[in-house]
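Peer 1: Residue numbers (mature numbering (1 follows the signal peptide of the UniProt record, and there is no 0)): -21 to -1, 1 to 351.
First, the structure itself, so that you have it in front of you.
Given below as structure tokens:
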């Protein structure tokens, strides 16, 4: 592919992937936003009306009038001057002024936009752009065209892959602009582990590259997390199927969630429990709701309130936490990861460790994920 040089003209339980003492979590107190460290102490005391999550060592902050950027010590890198701002990605950030949206670099210098109808955020190393034909292509952070405008739609990248549409048909590309699945389908899922579900003329398929497997007599296939255990709905029941289209566990459940660390939550007769990869019930059907097990060996389950159990079904952290809305976060953002989970109690948010100890012994009006 030719690279062309251009001039840029409830209980939400979230993973806190903490690999460095420099990671910070955005918190809110009395209407002001600040940032805490992994030990629960403040890195930046609450002082901003709003702020984006930390990214690449910089934070977009709002002083009540304009947006600017500060470092981890709250020193301004870019003075407040923008009507809106997004987090840095690939060394650039989107900012909005009277001239509209544009990019700035890490020093706050404006980068002239390419001939494009709209500026988009960088994601997985690329950003979208449109030309006068109104088709969408990709540029990289070196201001080079990775993919000339080709598609009517490109959805945000996830794990290096994105859904694309052309003439109302859907396919998949990677972040180098290579077409992984041709746009031949009426609908398509998220590409993961080499596979994706797709739908054409009311038929469901499991697709890998140019290979498609027709899955007859099913009413839905969930996004594929594990190609050996794909959640598939048949009628009003749910089971697990392999990427070859064979049943691994028959469709006997009312609902199910993906396998993680050897067990999967399943629902029957209004209660949730856990099965192993043979379909054997390991933890009995006893809960109002249940999430997948984390690498720490704990899973969040609901019995009136939310608590945490181990793989034997023993309660490790009592049922005391609240849920306020749907669990809409990604699988890897639920439960304990790297030793912390985000929880809500009595209208306040905080972080607990795997023994239920509250990080910093402090609750907040709001708290978000730890970010680099």
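Using N, Cα and C, we set each Cβ at its ideal position, and we do this for glycine too.
Could you give the uninterrupted runs of the beta strand (DSSP E) lying entirely in the region 2 to 81, keeping only those of 3 residues or more?
Peer 2: As far as the region 2 to 81 is concerned, its whole beta strand (DSSP E) runs of at least 3 residues are 3 to 8, 11 to 15, 21 to 27, 38 to 41, 46 to 49, 55 to 61 and 71 to 76.
Peer 1: For residue 104, name the three-state secondary structure that DSSP assigns.
Peer 2: It is coil, neither helix nor strand.
Peer 1: Under 7 Å between the Cβ atoms of residue 119 and residue 132?
Peer 2: No, the pair does not count as a contact, with Cβ atoms beyond the cut-off.
Peer 1: Do the region 47 to 61 and the region 98 to 118 meet, that is, are 3 or more Cβ pairs less than 8 Å apart?
Peer 2: Too few Cβ pairs lie closer than 8 Å, so no.
Peer 1: Roughly how many angstroms separate the alpha carbons of residue 183 and residue 198, rounded to a whole number?
Peer 2: C-alpha separation (whole angstroms): 8 Å.
Peer 1: Nearest-angstrom Cα distance between residue 78 and residue 101?
Peer 2: Computed Cα separation, rounded: 20 Å.
Peer 1: Quick test of your reading: residue 170 and residue 185, contact by CB under 8 Å. State the CB separation rounded to the nearest angstrom.
Peer 2: Not quite, the Cβ-Cβ distance comes to about 12 Å (not below 8 Å), so this is no contact.
Peer 1: Assign residue 121 to buried or exposed, taking buried as 16 or more other Cβ atoms, counted over all protein chains shown, within 10 Å of its Cβ.
Peer 2: Residue 121 should be labelled exposed.
Peer 1: Let me know if residue -14 comes out buried or exposed under the rule of 16 or more other beta-carbons within 10 Å of its beta-carbon.
Peer 2: For residue -14, the predicted model reports a pLDDT of 35, less than 50, meaning its position is unreliable; a value from the coordinates is still stated below. Residue -14 comes out buried.
Peer 1: For residue 268, list the residues DSSP reports as bridge partners.
Peer 2: BP columns for residue 268 point to 281.
Peer 1: Considering only C-alpha positions, which residue in the set 350, 344, 237 and 288 is nearest to residue 333?
Peer 2: The option with the nearest alpha carbon to residue 333 is 288.
Peer 1: Tell me whether residue 195 is buried or exposed, calling it buried when 16 or more other Cβ atoms sit within 10 Å of its Cβ.
Peer 2: By the neighbour-count rule (16 or more Cβ atoms within 10 Å), residue 195 is not buried but exposed.
Peer 1: Looking at the strands, I want to know which residues DSSP matches up with residue 262.
Peer 2: 253, per the DSSP bridge assignment.
Peer 1: Can you name, in chain order, every residue of its own chain whose Cβ lies under 8 Å from the Cβ of residue 373, other than the five neighbours on each side?
Peer 2: Absent from the structure is residue 373, since the part of the chain shown begins at -21 and ends at 351.
Peer 1: Are residue 176 and residue 143 touching if we call contact CB-CB under 7 Å?
Peer 2: The answer is no: Cβ separation not under 7 Å.
Peer 1: What span of residues does the beta strand (DSSP E) with residue 293 cover, start to end?
Peer 2: Element bounds for residue 293: n/a, residue is neither H nor E.
Peer 1: What residue range is occupied by the uninterrupted beta strand (DSSP E) comprising residue 129?
Peer 2: Per DSSP, residue 129 belongs to the beta strand (DSSP E) from 123 to 130.
Peer 1: If contacts are defined as beta-carbon pairs under 8 Å, then residue 217 and residue 210 qualify, I think. What distance do you get, rounded to the angstrom?
Peer 2: Yes, residue 217 and residue 210 are in contact; Cβ-Cβ is about 6 Å, under 8 Å.
Peer 1: On the criterion of 16 or more Cβ atoms from any shown chain inside 10 Å, does residue 268 qualify as buried, or is it exposed?
Peer 2: Counting Cβ neighbours within 10 Å, residue 268 comes out buried, since at least 16 surround it.
Peer 1: Could you work out which residue in 321, 233, 327 and 325 is closest to residue 17 when comparing CA atoms only?
Peer 2: The residue with the shortest Cα to Cα distance from residue 17 is 321.
Peer 1: Tell me whether residue 220 is buried or exposed, calling it buried when 16 or more other Cβ atoms sit within 10 Å of its Cβ.
Peer 2: Its Cβ being crowded by 16 or more others within 10 Å, residue 220 is buried.
Peer 1: Nearest to residue 69 by CA position, among 291, 36, 76 and 282, is which residue?
Peer 2: Closest option to residue 69, Cα to Cα, is 36.
Peer 1: Let me confirm a value: residue 43 is counted as buried when at least 16 other C-beta atoms fall within 10 Å, else exposed. Which label applies?
Peer 2: Residue 43 is exposed by the Cβ-count criterion.
Peer 1: Using DSSP bridges, identify the partner residues of residue 176.
Peer 2: According to DSSP, residue 176 bridges with 185.
Peer 1: With a threshold of 16 other CB atoms inside 10 Å of the CB of residue 297, please say whether the residue is buried or exposed.
Peer 2: By the 10 Å Cβ count, residue 297 comes out exposed.
Peer 1: Can the beta-carbon of residue 26 be found less than 7 Å from the beta-carbon of residue 344?
Peer 2: Not a contact, by the Cβ cut-off of 7 Å.
Peer 1: Looking only at its own chain, which residues have a Cβ that is under 8 Å from the Cβ of residue 61, when we skip the five neighbours before and after it?
Peer 2: So the list reads 45, 46, 47, 74, 75 and 76, once near-sequence residues are dropped.
Peer 1: To the nearest angstrom, how far is the alpha carbon of residue 159 from that of residue 188?
Peer 2: Their backbone Cα atoms lie some 6 Å apart in a straight line.
Peer 1: Hey, residue 117 and residue 156: beta-carbon distance below 7 Å or not?
Peer 2: Their beta carbons are under 7 Å apart, which means residue 117 touches residue 156 by this criterion.
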